[in-house]
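Participant:
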Amino acid sequence: MKSRTFALALATALVALVPQAQADTLRLLTWGGYAPQNVIDLFKAETGHDVEVTLSNNEEMISKLRATGGSGFDLAQPSQDRILGPQLEFGIYKPLDLEKIDASLFIPSMLEATKVNTTVDGQIYGIPHIWGTDGLVVNTAAAPDVDDYIDLCDPAYAGKVSYRLRRPTLIAFAFSMGLDPFAAYGDTAAYEGILSQVEAKLRECKANVKTYWGGGDEITGLIRSGEVVAAMAWDTGGWALNAENPDIRFIAPASGAMGWIDTFVIPSGGEADEAAYAWINFVMRPEIAAMITASAGNFTASQGADELVDEALKARYQASFPAEAVDNINWYPPVPAGLESLEGAVLDRVNAS
Amino acid sequence: MTASPAIRRITLALLLAPLMLWLGLLVVIPHIDMLLLSFTEKTGVRQYQPGLANYRTFFVEPVYWTIFLRTALMSILATLLTLVIGFPVAYFIAKLARGRSKAFLFLLCLVPFWVSELVRTFGWMILLRETGLVSGALQALGLVSGPVELLYNDAAIMVGLVYTSMLFMVVPLITALDSLDDSFIEAGYDLGGSGWSILREIVIPHAMPGIVSGSIVVFMLSLGNYLTPVLLGGKDSLWFTGAIYTQFITRFNWEQGAAFGMLLLVLSSLIVWLGLKLSGQTLSRTVG
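The listed protein sequences correspond, in order, to chains A and E. Numbers 1136 to 1488, taken from my numbering, label the letters of the first sequence in order. Numbers 110 to 397, taken from my numbering, label the letters of the second sequence in order.
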């Protein structure tokens, strides 16, 4: 497209005017808590590389990289299911050089699974960093019998529940209704069938919802104040609230918690690959990974790091995840390109209903 | 010594350059790019072709024009409310207050704008939420028996919008009313006019350019607002800018988002044009 070329030429001209970024500054596009200042300081002391952190979420990371054609950042951390589709559509990542990564630092099963899910045209684009789940955060004193996503629609809790109006909610409700959306990922017609059932449920459930939450702080605030007694939310938020109020617990739902793994990917326009690989190998060391767990609240794919994690957090994790609940986690498979527009239309209709 | 025509022309060009660069680089070129993008259809992975599908979606899928209609109607209502609340305030500041109290009252209108819109909106959230100040005060006074939720509804959006836009209505109104000579009002009374007829026949016609320019600004600000509806409206926060944001950021559907953006531009211009026609004003008179 002509105007794109023109805009690109213009952008190049503008970039030429500003001083070039130092090659040893790592521009990291990540989530809150994944790059705490103490880790950055240690990294700087050891390698001399500066780290410039930009906080974001999956959709914004992809949109930012798409807007610049994959430049502007040297390392990004989208979830493992959001690599295949965007790579096929927009080509915003570059293949990883696994030679430069110390594989012994990773939990082998998690490393292998992520490699499989992030392989595009025979090349690997992502390796795992932090994993966690979406489940139910419940104030057990006020809502004793919520143990699956569908229970959020129980009229007994009208006006006191919350969830996000995003794709994880669609998937979670589908599982909770006894459907298997992941099995239908490859079959558009079947997937649309599942989506329409979920849409009907979410429309019906809307009256029950206090508000659709947007950010992690928003939902913790709502639960802490008691305005919301049950919500679909991230495990970390639930554990943090549990430390303040033992009645509030993170529960792995009966139909399975939704498991995500945030990865390391190198954007196609990344300019500091050496620093990026150095950062990956640095933060995966067990003692550093434990520091990141302390800051992010989630466990990492670092081999042996969970031994070093704070006992209180470990206890909360074990209370939420007995062995069978871990086996029951629904791990997100890669999202095929184009699926998001189907889901988007459903979410818009639910919002407007 | 007078400057030669060539030097004068260069001076003029240099003076205009920042404005032209600003308009060209930040307004015209992005809009042309958006326009082209909006006429692009996505047919498959990395496959695009020119077409009208994005505009068709807006008119065929009821969700989107419903959202637009709702946004436009709520914005018009917010504009009217701002005018009704702002007019007496502006009249008091322009005509009744004198000296330091005039400056002080004007400053009071300005103070909320010293903090960002986000902070102002969070302020309203703290006041209106179920465990918030208003709910607590009502319970303490015994007016309600349990906590009341005042947030996450259209009324909360309206409060936020009116609060956010008040200054932009009051300032043009004060300017317009300031220029009205008090002797006209006195003459009106001398000729036996009532307060109401003087307001209708003298004050409002004189203030009309201020009313119209204030209304245009408030309407556009409300229509283009993103934060207030999203934060205060909660699950019912359907605002057209929100739909545009969603298309661009969470759906990666820039083509659709660009079409919505263009439609917002065209339809809102249309509404402003209609408003000018209905009130018998012209843009040049309002601005000039």
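Backbone N, C-alpha and C define an ideal beta-carbon position, used for all residues, glycine too.
Does DSSP put methionine 1367/A in a helix, a strand or coil?
Facilitator: Strand.
Participant: Under 9 Å between beta-carbons, which chain E residues line up against leucine 1223/A? List them in chain order, please.
Facilitator: Val154 and Arg155
Participant: Return helix, strand or coil for threonine 359/E, following the three-state DSSP convention.
Facilitator: helix
Participant: Taking just the CA atoms, how far does leucine 161/E sit from alanine 1480/A?
Facilitator: 18 Å
Participant: Is asparagine 1252/A near glutamine 1212/A, with beta carbons less than 9 Å apart?
Facilitator: Not closer than 9 Å, so no.
Participant: Please classify tryptophan 233/E: is it buried, with 16 or more other beta-carbons within 10 angstroms of its beta-carbon, or exposed?
Facilitator: buried
Participant: With isoleucine 1259/A and leucine 1231/A assumed to form a contact (beta carbons below 8 Å), what rounded beta-carbon distance in angstroms separates them?
Facilitator: 5 Å
Participant: Nearest to methionine 329/E by alpha carbon, out of Ile311/E, Ser306/E, Leu189/E and Gly241/E?
Facilitator: Checking every option, the nearest Cα to that of methionine 329/E belongs to Leu189/E.
Participant: Just the C-alpha distance for alanine 316/E and serine 393/E, rounded to the nearest angstrom, thanks.
Facilitator: 15 Å
Participant: Thinking C-alpha only, which one of Leu1246/A, Gly1405/A, Asp1408/A and Asn1173/A is nearest isoleucine 1427/A?
Facilitator: Asn1173/A
Participant: On the criterion of 16 or more Cβ atoms from any shown chain inside 10 Å, does aspartate 1113/A qualify as buried, or is it exposed?
Facilitator: This structure does not reach residue 1113/A, given that chain A is present from 1136 up to 1488, and the question cannot be answered.
Participant: Tell me the rounded alpha-carbon separation between methionine 1419/A and isoleucine 1401/A.
Facilitator: Going from the Cα of methionine 1419/A to the Cα of isoleucine 1401/A covers about 16 Å.
Participant: Residues of chain E with CB under 7 Å from aspartate 1486/A, in chain order?
Facilitator: Per the sequence shown, the amino acid found at residue 1486/A is asparagine instead of aspartate. Within chain E, the residues near asparagine 1486/A are Leu347.
Participant: Once DSSP output is grouped into helix, strand and coil, what is the label at glycine 153/E?
Facilitator: strand
Participant: For methionine 1393/A, which beta-bridge partners are listed by DSSP?
Facilitator: Asp1269/A and Asn1465/A
Participant: From this set, Pro1221/A, Arg1162/A and Pro1421/A, which residue's C-alpha is nearest threonine 1435/A's C-alpha?
Facilitator: Pro1421/A
Participant: Distance, Cα to Cα, proline 1388/A vs alanine 1293/A?
Facilitator: 20 Å
Participant: Does the stretch 1234-1248 of chain A come close enough to the stretch 1407-1419 of chain A that 3 or more CB-CB pairs lie under 8 Å?
Facilitator: yes
Participant: Mind checking whether aspartate 1483/A and valine 169/E have CB atoms under 9 Å apart?
Facilitator: no
Participant: Is valine 339/E close to chain A? Criterion is C-beta to C-beta, closer than 9 Å.
Facilitator: yes
Participant: In angstroms, rounded to a whole number, what distance separates the CA positions of valine 257/E and glycine 245/E?
Facilitator: 9 Å
Participant: How far does the beta strand (DSSP E) with threonine 1346/A in it reach, from first residue to last?
Facilitator: Looking at the DSSP string, threonine 1346/A is not in any beta strand (DSSP E), and its letter there is neither H nor E.
Participant: Starting from the C-beta of methionine 278/E, find all residues in its chain whose C-beta is less than 7 Å away, skip the five residues before and the five after it, and write them out in chain order.
Facilitator: Thr191, Leu192, Gly195, Gly323 and Val327
Participant: Compute the Euclidean distance between the alpha carbons of leucine 282/E and glycine 319/E, then round it to the nearest angstrom.
Facilitator: 5 Å
Participant: Against chain E, with Cβ distances strictly below 9 Å, would aspartate 1483/A count as a contact?
Facilitator: yes
Participant: What in chain A is Cβ-close to asparagine 362/E, meaning under 9 Å?
Facilitator: Glu1475, Ser1476 and Gly1479
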